[in-house]
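Enquirer:
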Amino acid sequence: MSIETRATLLEQLRTGSTPLAWEEFFRLYWPVIHAYARWRGCSENTAEDVVQDVLVKIFEQRDVFTYDPARGRFRDWLGAVVRNRVAEIRRSPSERMRAGGGDDVAAAAAIDEGPGPADRWEAAFESAVLMALLDVVRREADPREYLAFELTTLAEASPADAAAVTGLSRNVVYKARRRILKRLKDLAGDYDAEGRLPERVREAIRMRPAPRTERGLTRRVRETMRGA
Amino acid sequence: MEDAERRAPETDEAAPAIPDFTLIRKIGSGGFGAVWLAINRATGQPRAIKLLPRRGAGASRELTSLTRLEAHARQKSPHLLPIHHVGETESHLFYVMDLADDVTGEAPTATAGYQPATLERRLQEGELTPEECIRHARQLLGALASLHQAGMVHRDVKPANCLFVGSELKLADFGLLTDAGPDISRLGTETYMPPDGRMDTRADVYAAGLVIYEMLTGLPADRFPSLGPRAPEILRDPALSGLVRLCLGASCPRREERFSSAGEMAAALEEVLEPSGPPRPGSTGKRIASFTIAVLLAGGIAVSALLLFRPAHERVDVSFITAPYHDAVVYLDGEPAVSPDGTLYRTPCTVEGVPARPTRVEFRLEGHPTLDAGSIDLAESRQIKASWPSGEDR
Chain A
1 MSIETRATLL
11 EQLRTGSTPL
21 AWEEFFRLYW
31 PVIHAYARWR
41 GCSENTAEDV
51 VQDVLVKIFE
61 QRDVFTYDPA
71 RGRFRDWLGA
81 VVRNRVAEIR
91 RSPSERMRAG
101 GGDDVAAAAA
111 IDEGPGPADR
121 WEAAFESAVL
131 MALLDVVRRE
141 ADPREYLAFE
151 LTTLAEASPA
161 DAAAVTGLSR
171 NVVYKARRRI
181 LKRLKDLAGD
191 YDAEGRLPER
201 VREAIRMRPA
211 PRTERGLTRR
221 VRETMRGA
Chain B
1001 MEDAERRAPE
1011 TDEAAPAIPD
1021 FTLIRKIGSG
1031 GFGAVWLAIN
1041 RATGQPRAIK
1051 LLPRRGAGAS
1061 RELTSLTRLE
1071 AHARQKSPHL
1081 LPIHHVGETE
1091 SHLFYVMDLA
1101 DDVTGEAPTA
1111 TAGYQPATLE
1121 RRLQEGELTP
1131 EECIRHARQL
1141 LGALASLHQA
1151 GMVHRDVKPA
1161 NCLFVGSELK
1171 LADFGLLTDA
1181 GPDISRLGTE
1191 TYMPPDGRMD
1201 TRADVYAAGL
1211 VIYEMLTGLP
1221 ADRFPSLGPR
1231 APEILRDPAL
1241 SGLVRLCLGA
1251 SCPRREERFS
1261 SAGEMAAALE
1271 EVLEPSGPPR
1281 PGSTGKRIAS
1291 FTIAVLLAGG
1301 IAVSALLLFR
1311 PAHERVDVSF
1321 ITAPYHDAVV
1331 YLDGEPAVSP
1341 DGTLYRTPCT
1351 VEGVPARPTR
1361 VEFRLEGHPT
1371 LDAGSIDLAE
1381 SRQIKASWPS
1391 GEDR
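Heads up: the protein sequence lines correspond to chains A and B, in order. Position one of the first sequence corresponds to residue 1 (the working numbering), numbered consecutively onward. Position one of the second sequence corresponds to residue 1001 (the working numbering), numbered consecutively onward.
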């Protein structure tokens, strides 16, 4: 997704708050927030709470938030919001108990002393951008051909297996894989500077939470938006 | 019946008055109406009642469609949520339905804690097992095929409208039901609507493909066709791979490449599963034989007897498909095949627990000559397909 597209989306969020804009926003940023919260030692329950709380907070502050198109400004602001929310939860035993326990406070404390949370936030953010790029490619491509690409390039299946699942011929699988990977690289730009894009996308996929978490979060945030 | 269910429960004061029923509270909404938990005042039976506000010219068309559906659902498909009554008040159209199971798996009761068990709720726990995917895909497509065969279109197929009643999936929420035709308006849930915007039988097929995709992967429909973490398991399992191909054929963005109806999709499902379907309940693959040897010694007479009991026929599940028409009643040895809930099996279908022996198979469809498939050994054949000759008029 281009910077211009992202700016348009955020401007929509500030002014119109259209449901579609919020859906897109959520789709882009919830994995970042979730991955960071989990890295900071939050349980699955608590991480989901952090996602919901942060998105609601942004929604509530939409009138005062002004997007600056200078690269990284929104990223930094969002990072600060998320780090503050996670810190609040760690300070509040009642919050941890409400979240069902399982928060690894000791691990989070150890992380505080290691290489900065800011670096980890950056890594989580980069993962989310790669997932957003993959999402763009997925929506553009024919479903069978996208699945052939995903199975061979990201799941490392054989072309024969991908052909069997998709019903495509092996030749078409090969062509689809090349074409879609090229499209992904074109969109990724600087993210492919080291030529490791498929590997980095695979790493980003591994950071995604389980499908049931994704469904649960999608539902919770939609309900929150309806009630906000 | 529990006394508690006969006591007048607390009611929501905003509930409109519906003849013979006390509305207790809302348990769902969608399709321009709300679903209420209700109790039949005379019998104490808990029911679900969908209320559709009467607004403009659409209301009478909905009533007509629902009345047709009421008659159709009773007779045609065990996997459409039964409609017991369709009616109207000054302010609302309403129809009375079975309640879904409670989310705990228990039978539904009109208590404060009741929450309907839907496929949407089930998916919040993760993807379904392979056996569940196949069973519920068959049930969903059977219900939709029945509607399409009757010339109707659902227009709002999604997990929230798939209920579990007795652990069986039933398609519900008929608020957007309409007659199939060229000018059907674009209504429904955005995620499940095809990009071409035409809300016809192929649109129902598109949505059904996404629902089956969600069952398979546990992912939300808008992640289609990504397989997520279940990709390795799907690659290894021919049945799951087959279901993925089915979804790709159904939820194709290009309308003309989709199955034209749920009946066609259901037949494709059986084709996909037939070579390597997973073992189904009751199908052990072995003949069971038991025999007893009794040796009797009495009064100097030695008697030995070998009592060989005839091997009991194992029972198997058999699929029946007809073309080009569906909804034919399956007859086995001259008797119609009847499901445990008393409804007739209609093609395409899978009849469970059929004796694995030579059986006379016929298909009967109103307006057509009987299709006699002859005597078929069901121990050897688990999928029976038959066709009416081309040029057959309905």
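In this text, a Cβ means the ideal position worked out from N, Cα and C, and glycines have one as well. In this text the structure is predicted, and so the values were computed from the model without any measurement.
Which stretch, first to last residue, makes up the beta strand (DSSP E) that contains residue 1387 of chain B?
Expert: Looking at the DSSP string, the run of the beta strand (DSSP E) that includes residue 1387 of chain B is 1383-1387.
Enquirer: From the DSSP output, which residues share a beta bridge with residue 1021 of chain B?
Expert: B:1018, B:1040.
Enquirer: Mind listing the chain A neighbours of residue 1231 of chain B? Cutoff is C-beta to C-beta under 7 Å, in chain order.
Expert: In chain order: 151, 155.
Enquirer: Who pairs with residue 1330 of chain B in a beta bridge, going by DSSP?
Expert: Partner(s): B:1363.
Enquirer: Nearest-angstrom Cα distance between residue 196 of chain A and residue 1337 of chain B?
Expert: If you take the alpha carbons of residue 196 of chain A and residue 1337 of chain B, they lie about 60 Å apart.
Enquirer: Near residue 1041 of chain B, which residues of its chain fall below 8 Å by C-beta distance, leaving aside the five closest residues on each side in sequence?
Expert: These residues qualify, in order along the chain: 1020, 1021, 1022.
Enquirer: Considering only residues of the segment 174-209 of chain A, which uninterrupted alpha helix (DSSP H) runs meet the minimum length of 4 residues and lie entirely inside it, listed in chain order?
Expert: 197-207, all fully within the segment 174-209 of chain A.
Enquirer: Cβ of residue 1373 of chain B within 8 Å of Cβ of residue 1354 of chain B?
Expert: Result no, Cβ atoms of residue 1373 of chain B and residue 1354 of chain B do not sit closer than 8 Å.
Enquirer: Buried or exposed: where does residue 1370 of chain B fall if 16 or more other Cβ atoms within 10 Å of its Cβ makes it buried?
Expert: Exposed: under 16 other Cβ atoms inside 10 Å.
Enquirer: Assign residue 1294 of chain B to one of two classes, buried (16 or more other C-beta atoms within 10 Å of its C-beta) or exposed (fewer than that).
Expert: Only weak support is given to the placement of residue 1294 of chain B: the predicted model assigns it a pLDDT of 28, under 50, and the question is left unresolved by the model.
Enquirer: Going by the CB atoms, is the gap between residue 1189 of chain B and residue 1222 of chain B shorter than 8 Å?
Expert: The answer is no: Cβ separation not under 8 Å.
Enquirer: Per DSSP, what are the beta-bridge partners of residue 1358 of chain B in this structure?
Expert: Partner(s): B:1377.
Enquirer: Between residue 1349 of chain B and the rest of its own chain, which residues show a CB-CB distance below 6 Å, the 5 nearest in sequence each way excluded?
Expert: For residue 1349 of chain B, where only same-chain residues beyond five positions count, the Cβ hits under 6 Å are 1320.
Enquirer: Do residue 1171 of chain B and residue 1051 of chain B count as a contact pair if the criterion is CB distance below 8 Å?
Expert: Not closer than 8 Å, so no.
Enquirer: Would you be able to state if there are at least three C-beta pairs under 8 Å between the segment 208-215 of chain A and the segment 1113-1131 of chain B?
Expert: Judged by Cβ distances under 8 Å, the segment 1113-1131 of chain B makes contact with the segment 208-215 of chain A, as three or more pairs qualify.
Enquirer: What does the alpha-carbon distance come out to for the pair residue 125 of chain A and residue 1324 of chain B?
Expert: The alpha-carbon atoms of residue 125 of chain A and residue 1324 of chain B are separated by roughly 54 Å.
Enquirer: Pick helix, strand or coil for residue 1046 of chain B, following the three-state DSSP scheme.
Expert: Residue state, collapsed to three classes: strand.
Enquirer: Report the neighbours of residue 1251 of chain B on chain A: residues whose CB is nearer than 8 Å to its CB, in chain order.
Expert: Here the neighbours are 143.
Enquirer: Just mark residue 1112 of chain B as buried or exposed, buried being the case when its beta carbon has 16 or more other beta carbons within 10 Å.
Expert: Per the 10 Å Cβ criterion, exposed.
Enquirer: Counting only beta-carbon atoms, is residue 174 of chain A nearer than 8 Å to chain B?
Expert: Closer than 8 Å: no.
Enquirer: Anything in the segment 1113-1133 of chain B with a Cβ closer than 9 Å to a Cβ of chain A? List those residues in chain order, please.
Expert: Listed by position, the residues of the segment 1113-1133 of chain B near chain A (Cβ gap below 9 Å) are 1120, 1123, 1124, 1125, 1126, 1127.
Enquirer: Would you say residue 111 of chain A reaches chain B, if we count a Cβ-Cβ gap shorter than 8 Å as a contact?
Expert: The pLDDT assigned to residue 111 of chain A is 46, lower than 50, so where the model puts this residue is not dependable; a value taken from the coordinates is nonetheless given after this. For residue 111 of chain A, the answer is no, since every Cβ of chain B falls outside 8 Å of its Cβ.
Enquirer: For residue 182 of chain A, count neighbouring C-beta atoms within 10 Å of its own C-beta (all shown protein chains included) and say buried if the count is 16 or more, exposed if not.
Expert: It counts as exposed.
Enquirer: Considering only residues of the same chain and omitting the five flanking positions on each side of residue 1261 of chain B, which have a CB-CB separation below 6 Å?
Expert: Here the set comprises 1148, 1201.
Enquirer: Within 8 Å (strictly less), CB to CB, does residue 1259 of chain B reach chain A?
Expert: Output row for residue 1259 of chain B: interface = no.
Enquirer: Using 8 Å as the threshold, is the C-beta distance between residue 128 of chain A and residue 55 of chain A below it?
Expert: Against a cut-off of 8 Å, the Cβ pair of residue 55 of chain A and residue 128 of chain A comes out as no contact.
Enquirer: Any Cβ of chain B within less than 8 Å of the Cβ of residue 28 of chain A?
Expert: No - not a single Cβ of chain B is within 8 Å of the one on residue 28 of chain A.
Enquirer: Beta-carbon within less than 6 Å of residue 1228 of chain B's beta-carbon, same chain only, minus the 5 sequence neighbours each way: which residues are those?
Expert: Excluding positions up to five away in sequence, the list reads 1217, 1219.
Enquirer: Would you grab the beta carbon distance between residue 1251 of chain B and residue 1213 of chain B for me? Rounded to a whole angstrom, and I think it's under 8 Å.
Expert: So it is a contact: roughly 7 Å between Cβ atoms.
Enquirer: Could you tell me the distance, in whole angstroms, from the CA atom of residue 1108 of chain B to the CA atom of residue 1144 of chain B?
Expert: One C-alpha to the other measures close to 25 Å.
Enquirer: Among B:1054, B:1039, B:1164, which has the Cα closest to the Cα of residue 1047 of chain B?
Expert: Here the closest residue by C-alpha is B:1039.
Enquirer: DSSP on residue 28 of chain A, reduced to helix/strand/coil?
Expert: Helix, per DSSP.
Enquirer: I need the straight-line Cα distance from residue 1167 of chain B to residue 1105 of chain B, nearest angstrom please.
Expert: Residue 1167 of chain B and residue 1105 of chain B: Cα-Cα distance of roughly 8 Å.
Enquirer: Straight-line CA distance for residue 1121 of chain B to residue 223 of chain A?
Expert: Taking the straight line joining both Cα atoms gives about 15 Å.
Enquirer: In chain order, what residues of the same chain lie with their CB nearer than 6 Å to the CB of residue 114 of chain A, ignoring the 5 residues before and after it?
Expert: Unreliable positioning characterises residue 114 of chain A in this predicted model, as indicated by a pLDDT of 48, which lies under 50. A coordinate reading is not provided.
Enquirer: How about residue 1328 of chain B and residue 1357 of chain B: are their beta carbons less than 8 Å apart?
Expert: It is not a contact, given that the beta carbons lie outside the stated cut-off.
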